[in-house]
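Once you know that position 2 of the sequence shown is 4 in the working numbering, the rest is easy, because the numbers rise by one and skip nothing. This report refers to the structure that appears directly beneath it.
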Amino acid sequence: MKPMLPLCCSPAAFQLMKKQVAVMDSPDALLEGAIAIAMHQMPDIELQQVDRTIQQYTDVVRKRVRGSQPQAMLAHLHEF
3 MKPMLPLCCS PAAFQLMKKQ VAVMDSPDAL LEGAIAIAMH QMPDIELQQV
53 DRTIQQYTDV VRKRVRGSQP QAMLAHLHEF
């Protein structure tokens, strides 16, 4: 007998992860894959809300940093 998928996660988490497999090397797919994994313990998580929150952090850091050095951005991001 062939098992039905998914076995150990919610159907929503499985579908979200499945959607990311083809484009896993993109930044959005990396974030959405991480959210799919988080859905195992946080089934009510909202993808758009997580994306908005991370974008807000990004906007704050970019306003603080002068220049485009990755080390400076990481230093300011560390404050969160």
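By construction, the Cβ of each residue, glycine as well, lies at the ideal position given by its N, Cα and C atoms. Keep in mind that this is a model prediction, so the values were computed, not measured.
Alpha carbon of residue i to alpha carbon of residue j, nearest angstrom
i: residue 64; j: residue 52; result: 18 Å
i: residue 12; j: residue 48; result: 14 Å
i: residue 61; j: residue 14; result: 29 Å
i: residue 18; j: residue 36; result: 10 Å
i: residue 30; j: residue 59; result: 16 Å
i: residue 45; j: residue 54; result: 18 Å
i: residue 70; j: residue 25; result: 26 Å
i: residue 20; j: residue 57; result: 24 Å
i: residue 80; j: residue 72; result: 12 Å
C-beta atoms of residue i and residue j nearer than 9 Å
i: residue 22; j: residue 32; result: yes
Nonlocal neighbours in the same chain, by C-beta distance under 6 Å from residue i, ignoring five residues either side
i: residue 67; result: 74, 75 and 78
i: residue 27; result: none
i: residue 38; result: 15, 18 and 19
Close Cβ partners of residue i (< 7 Å) along its chain, the five nearest in sequence each way excluded
i: residue 40; result: 47
i: residue 34; result: 18, 22 and 49
i: residue 8; result: 16
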